[in-house]
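S.K.: Using the UniProt record's numbering, you'd call the opening residue of the sequence shown number 12 and step up by one each time.
C-beta atoms are modelled at their ideal positions from N, C-alpha and C, and glycine is treated no differently.
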Amino acid sequence: SRLVAPNGPYAALDVVATTASTNADLAATSAVDRTVLIALEQTAGQGRRGRSWSSPEGGLYVSVLFQPAGVSADRLPWLNLIAGLALVRVAQSVGVEASLKWPNDLLLGPSAGKGAGILSEITADGSVVVGIGLNVAKLPADVEPAPGGLAPTSLEDLDAAELDRGELAFRLLVELAQLEGVWRKNGGDAVESGVLEEYTEHSSTVGRRVRVELAGGVELVGVAQRIEQDGTLAVRGDDGRDHGVSAGDVVHLRP
Ligand code: BTN
12 SRLVAPNGPY AALDVVATTA STNADLAATS AVDRTVLIAL EQTAGQGRRG RSWSSPEGGL
72 YVSVLFQPAG VSADRLPWLN LIAGLALVRV AQSVGVEASL KWPNDLLLGP SAGKGAGILS
132 EITADGSVVV GIGLNVAKLP ADVEPAPGGL APTSLEDLDA AELDRGELAF RLLVELAQLE
192 GVWRKNGGDA VESGVLEEYT EHSSTVGRRV RVELAGGVEL VGVAQRIEQD GTLAVRGDDG
252 RDHGVSAGDV VHLRP
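1. Specify, as a first and last residue, the run of the beta strand (DSSP E) that S74 falls within.
2. Quick check for students: name the residue ranges of the beta strand (DSSP E) that lie wholly in the region 33-73, counting only runs of 3 or more.
3. Any chance the CB of I129 is under 7 Å from a heavy atom of the ligand BTN?
4. State the Cα-Cα distance for the pair F181 and D253, rounded to the nearest angstrom.
5. Got a sec? Which residues, its chain only, sit under 8 Å from E203 by beta carbon, not counting five neighbours each side?
6. Between the C-alpha atoms of E132 and V234, what's the straight-line distance to the nearest angstrom?
7. Rounded C-beta distance between L118 and G128? I'm assuming under 8 Å.
8. To the nearest whole angstrom, what separates the beta carbons of L111 and S74, a pair I think is in contact under 8 Å?
9. How long is the line joining the alpha carbons of L231 and A22, rounded to whole angstroms?
10. Quick one: complete alpha helix (DSSP H) runs, 4+ long, within the region 181-242?
11. Tell me, to the nearest whole angstrom, how far the beta carbon of N146 is from that of S165; I am working on the premise that it is less than 8 Å.
12. Is the beta carbon of L187 sitting closer than 8 Å to the one on A97?
13. Spell out a yes or no on whether the region 17-36 and the region 52-60 are touching, meaning 3 or more CB-CB pairs, one atom from each, closer than 8 Å.
14. By alpha-carbon positions, which one of D136, L264 and A102 ends up nearest to D170?
15. Answer with yes or no whether the minimum CB distance from L184 to chain D is below 8 Å.
16. From I93 to I238, what distance separates their C-alpha atoms?
17. Bridge partners for K125 per DSSP, in chain order?
18. What's the gap between the Cα of R45 and the Cα of Q78?
19. With distances taken Cα to Cα, identify the nearest neighbour of A28 among P151, P67, E208 and S83.
20. Between which two residues does the alpha helix (DSSP H) holding G19 run?
21. Going by DSSP, which residues form a beta bridge with D168?
22. Please go through the same chain and pick out, in chain order, the residues whose beta-carbon is closer than 6 Å to the beta-carbon of V43, but skip the five residues on each side of it.
23. Name the residue from E224, G199, L161 and G228 whose alpha carbon lies nearest to the alpha carbon of G120.
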């Protein structure tokens with residue numbers, strides 16, 4: 012558990028061969044700020060909106076617990092987006108083109124398949140558990156498409172530079188600590204910390220025609236305009252009205 016330096020960016024780091032869900036594990040313990048749990052396999056991986064996340068051996072499953080004192084609750088959704096930025100940096104570092112489908116699906120390669128997903132949860136005591144599932148090894152040919160018809164892909168499917176999962180996890184945690192550290196130092200301000208600009212730069216959603224499946228089965232079709240300071244997606248509906256989208260599944264439509 013103590014793979015971490017006393018003054019390093021993380022308080023504790025555990026690596027386990029297998030567990031049900033790294034998010035569930037961290038949420039259930041009274042872990043301190045910046046605790047990391049890595050699994051090489053999950054038996055009950057959780058995805059967004061109650062879905063499951065297929066987590067075979069060969070992927071990378073990382074959860075980090077944050078307690079950013081001094082950041083107001085309305086800014087916490089940025090942790091979710093920041094994790095996506097860390098993934099973009101890691102994918103690019105192994106020679107794979109990467110972008111983000113808002114809020115936090117990592118799209119990889121020329122055909123923009125889904126290479127990773129992020130699930131962030133707020134625990135009862137106000138901590139945020141950020142869970143990252145990265146597809147590393149080649150996926151079986153019969154793997155199910157993600158919601159919105161996104162084809163799943165992996166770093167190995169895209170011939171990324173060969174790296175073991177330890178090295179990938181290390182890079183991911185270094186980038187995440189750097190981004191989160193600057194963001195936190197700026198009180199969670201997405202503009203001052205530069206994360207809004209970096210996110211917008213890597214967004215494949217801004218400027219696209221989208222269909223958003225909002226809660227309650229309501230559907231919004233329009234053009235994504237920008238990411239707002241609070242991390243929400245501004246969509247100009249086909250009815251000419253502007254909507255701020257804070258949750259829901261976004262589907263990219265053809266122009
Ligand atoms: C999604 O639906 O796209 C989000 C998937 C998030 C999966 C990760 S894997 C590590 C962490 N533990 C979980 O059970 N889920 C997240």
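M.R.: In this structure, then:
1. As a first step, residue 74 is located in the sequence shown; it is residue number 63 there, counting from the start. Per DSSP, S74 belongs to the beta strand (DSSP E) from L71 to F77.
2. You should have 46-50.
3. As a first step, residue 129 is located in the sequence shown; it is residue number 118 there, counting from the start. Within the cutoff, so yes.
4. As a working note, residue 181 is residue 170 in the sequence shown. As a working note, residue 253 is residue 242 in the sequence shown. About 41 Å.
5. Here residue 203 corresponds to residue number 192 of the sequence shown, with the count starting at 1. Sequence-distant partners of E203 (beyond 5 residues in either direction) whose C-beta falls short of 8 Å from its own C-beta, in its chain, are N197.
6. Walking along the sequence shown from the start, residue 132 turns up at place 121. Walking along the sequence shown from the start, residue 234 turns up at place 223. Between E132 and V234, the C-alpha separation is close to 28 Å.
7. Position 107 of the sequence shown, counted from the start, is the residue given in the question as residue 118. Position 117 of the sequence shown, counted from the start, is the residue given in the question as residue 128. A Cβ-Cβ distance of about 11 Å is found for the pair L118 and G128, leaving them out of contact under the 8 Å criterion.
8. Counting from one through the sequence shown, the residue named residue 111 turns up at place 100. Counting from one through the sequence shown, the residue named residue 74 turns up at place 63. The pair is not a contact, with the Cβ atoms about 19 Å apart (cut-off 8 Å).
9. On the sequence shown, residue 231 is found 220 positions in, with the first residue counted as 1. On the sequence shown, residue 22 is found 11 positions in, with the first residue counted as 1. So the alpha carbons of these two residues sit roughly 42 Å apart.
10. With a minimum length of 4 residues, the continuous alpha helix (DSSP H) runs that stay inside the region 181-242 are 206-212.
11. For the purposes of this step, residue 146 is identified with residue 135 of the sequence shown, where counting begins at 1. For the purposes of this step, residue 165 is identified with residue 154 of the sequence shown, where counting begins at 1. Their Cβ separation, rounded to whole angstroms, is 4 Å, which keeps N146 and S165 in contact under 8 Å.
12. By one-based count along the sequence shown, residue 187 stands at place 176. By one-based count along the sequence shown, residue 97 stands at place 86. Taking 8 Å as the Cβ cut-off, L187 and A97 qualify as a contacting pair.
13. Verdict: yes, contact present.
14. For the purposes of this step, residue 170 is identified with residue 159 of the sequence shown, where counting begins at 1. For the options D136, L264 and A102, the alpha carbon positioned closest to that of D170 is the one of A102.
15. Looking for chain D here will not work: only one protein chain is present.
16. For the purposes of this step, residue 93 is taken as residue 82 along the sequence shown, with counting starting at 1. For the purposes of this step, residue 238 is taken as residue 227 along the sequence shown, with counting starting at 1. Looking at the two C-alpha atoms, the distance is approximately 13 Å.
17. Residue mapping note: residue 125 aligns to position 114 of the sequence shown, counting from 1. Bridge partners of K125: L118 and P163.
18. Residue numbering aside, residue 45 sits at position 34 when the sequence shown is read from its first letter. Residue numbering aside, residue 78 sits at position 67 when the sequence shown is read from its first letter. So the two alpha carbons sit approximately 7 Å from each other.
19. Reading the sequence shown from its first residue, position 17 is the one you call residue 28. Scanning P151, P67, E208 and S83 for the CA closest to the CA of A28 turns up P67.
20. As a working mapping, residue 19 is identified with position 8 in the sequence shown. Where G19 is concerned, there is no enclosing alpha helix (DSSP H), given that its DSSP letter is neither H nor E.
21. Walking along the sequence shown from the start, residue 168 turns up at place 157. Listed as beta-bridge partners of D168 by DSSP are no residues whatsoever.
22. In the sequence shown, the residue the question calls residue 43 occupies position 32. Here the set comprises A22.
23. As a position in the sequence shown, residue 120 is number 109, starting the count at 1. Comparing Cα-Cα distances from G120 to each of E224, G199, L161 and G228, the minimum goes to L161.
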